[in-house]
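Numbering (this note's numbering), first residue to last: 1 to 619. Every residue, glycine too, gets a C-beta built ideally from N, C-alpha and C. For clarity, every value in this text was computed on a predicted model and none was experimentally measured.
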């Protein structure tokens, strides 16, 4: 029977195939070829085809390799529809396909079509997937992928594509199977395929499969044990650079973004040139960003640059003594008209400014002036909060080195950021207070100027009492203490006293962190030394004795000897006022100090403690 006489419909072709199989006719090959386009246009409606299943099962065991491959191709086409998967994903056909899959030295064309057929049957089909997995096909499939890597030409690429698609359908929703695949070394195979096919247009479909598989597997592995080793990072970066497919680019970005929390991955990506590539791509495609989808892709790329820069080693690599291309480009983005690029530039500056050496070089290079110019344009409540937060973070880091403080203050830091006190957003307030605190350290003039501003101190007192943001509460307390410590100024102390700040400084004595406890001790000691008479009533009302007793009893044995000495200094100053001396004794400060004197951490000053307690008790 001639195949041309069977093109009238799928049913006719099926009937014709049955006759051809029975007669072992030479027409079988042509009929199978004709079936493929008919199935593709059938919409999944195959009519009555129970006998057709038997014909396919028979043909999958035919003597001719060509017929076996063509029969498997027909099964693959049928299994593209849900009806087809149910009808032709039966045990008999699956068993035959699996046996063919496991045949050693199998013909390449047969292997390709078997992988297509099984891959399609396993798509969204738990029954088919279970049969294949129960038959222990996972290691077999990985072996086929291994073979496909060594196959050259179009046949090899096709096999890699369909085998990777088969693997993807097998792994979806199967965490235990995914874990087994990882244990069997699948990531090395995936890397090899991506390296072969990821940088050429013909390999786009295979690349898509591989990236989807890697997405599944990386979700399974904890971030500390990322699957992305140095080689896979390098290959993925190459794919991102070479691909003209938006889908492949997006998947590559998502994969790298999802793994860039890992420190080793950050280092690999920095050395692989990812950030340089992203900068190049962002500059190239910036004019084409005109909808939410492309904007989100752009933001992901920007986020990825910043993520890589959060690693110490990767950041140093890209800084390159201030001469790195990425550092230079990030500096230029500070003046970008695109808000996402500009914010990325500011965030990058904050990350580069993580060592004193970098900070000093960056201030010398004019980075702080560029940042202050940006603040000046964005220091009101209506400005972008993300940008404000990033700017303050970067400036705070830059003024940590002592030699930078005076320079940046001279450039107008305080006056430029001061209007930001009106911004009601707590994350911005948190960074603002931290920046002010850091810049006044050792800067008496700046501390005096700020400490005499009644509106500032009043706001600090309000924030000291907030329960809505512990970070702001802590920074407000610390800034009050630092204003006293760094100014040692009578007018500042007057402003502090009149604002009602004393109770908060007293509460700070029992803060969770020792550094804050010590800051409170120093500030209160200065206050008691310079304005004891004026502060006495506030100190009594704040029950400073109770707070000191709690500090000594709860934290004493673990306190550094220097901090205990600071407690003694404060107690000694407070005892100069009769009412406070009695208050300290009544609250048990003397008793607490006596108990502390026997502890190992204060052996060197035990005599000093004894003298002070005797003085308190005799008063």
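Alpha carbon of residue 538 to alpha carbon of residue 385, nearest angstrom
38 Å
Residue 323: buried (16+ other C-beta within 10 angstroms of its C-beta) or exposed?
exposed
Is the beta carbon of residue 535 closer than 8 Å to that of residue 497?
yes
Using a Cβ distance threshold of 8 Å, determine whether the region 452–460 contacts the region 404–413, with at least three qualifying pairs required.
no
From residue 299 to residue 167, what distance separates their C-alpha atoms?
31 Å
Can you say whether residue 154 is buried or exposed, counting buried as having 16 or more other CB atoms within 10 angstroms of its CB?
exposed
Quick check on the burial criterion: 16 or more other C-beta atoms within 10 angstroms. Buried or exposed for residue 388?
buried
Cα separation between residue 573 and residue 547?
16 Å
Does DSSP put residue 613 in a helix, in a strand, or in coil?
helix
Cβ pair residue 193, residue 206 closer than 8 Å:
yes
Option in 532, 195, 290 and 224 with minimal Cα separation from residue 243:
195
Where do the N-terminal and C-terminal ends of the alpha helix (DSSP H) with residue 69 fall, by residue?
65–78
Measuring only the C-alpha atoms, how far is residue 342 from residue 332?
9 Å
Grab me the residues of residue 579's own chain with a C-beta within less than 8 Å of its C-beta, minus the 5 sequence neighbours each way, in chain order.
536 and 540
What would DSSP say about residue 446, mapped onto helix, strand or coil?
helix
Selected residue, minimal CA-CA separation from residue 351, among 616, 103 and 367:
367
Where the alpha helix (DSSP H) containing residue 469 begins and where it ends:
Per DSSP, residue 469 belongs to no alpha helix (DSSP H) and is neither H nor E.
Beta-carbon separation of residue 268 and residue 228 under 8 Å?
yes
Euclidean distance between Cα positions of residue 264 and residue 271:
11 Å
Hey, how far is the Cα of residue 526 from the Cα of residue 404?
27 Å
C-alpha distance - residue 258 paired with residue 325, whole-angstrom precision:
24 Å
Below 8 Å on the Cβ atoms is my guess for residue 371 versus residue 409; work out the distance and round it to an integer in Å.
Contact flag wrong, Cβ pair sits at about 14 Å.
Can you check whether the CB of residue 392 is closer than 8 Å to the CB of residue 432?
yes
On a CA-only basis, which of 256, 280, 277 and 249 is nearest residue 294? Give me that one, please.
249
Verify whether the separation of the beta carbon atoms of residue 400 and residue 468 is less than 8 Å.
no
Starting from the N-terminal side, write out each stretch of the alpha helix (DSSP H) that is 4 residues or longer and does not extend beyond the region 247–335.
263–271, 274–285, 292–309, 312–319 and 325–333
Which class does residue 1 belong to by DSSP, given the choice of helix, strand or coil?
With a pLDDT of 37 at residue 1, under the threshold of 50, the modelled position of this residue cannot be trusted; read the value that follows with caution. Coil at residue 1, not helix or strand.
Between the alpha carbons of residue 55 and residue 297, how many angstroms are there, rounded?
50 Å
Spatial distance of residue 421 from residue 564 (CA atoms)
36 Å
Classify residue 607: buried if its beta carbon has 16 or more other beta carbons within 10 angstroms, exposed otherwise.
exposed
Spatial neighbours of residue 112 within its chain, please: CB distance less than 7 Å, with the 5 preceding and 5 following residues excluded, ordered by chain position.
158, 159 and 162
Could you check which residue in 127, 221, 108 and 188 has the C-alpha nearest to that of residue 234?
188
Give the straight-line distance between the Cα atoms of residue 120 and residue 285, rounded to the nearest whole angstrom.
37 Å
Tell me whether residue 490 sits in a helix, a strand or coil according to DSSP, three-state version.
helix
Between residue 151 and residue 108, is the Cβ-Cβ spacing less than 8 Å?
yes
Here's the rule I'm using: 16 or more other beta-carbon atoms within 10 Å means buried, otherwise exposed. How should residue 514 be labelled?
exposed
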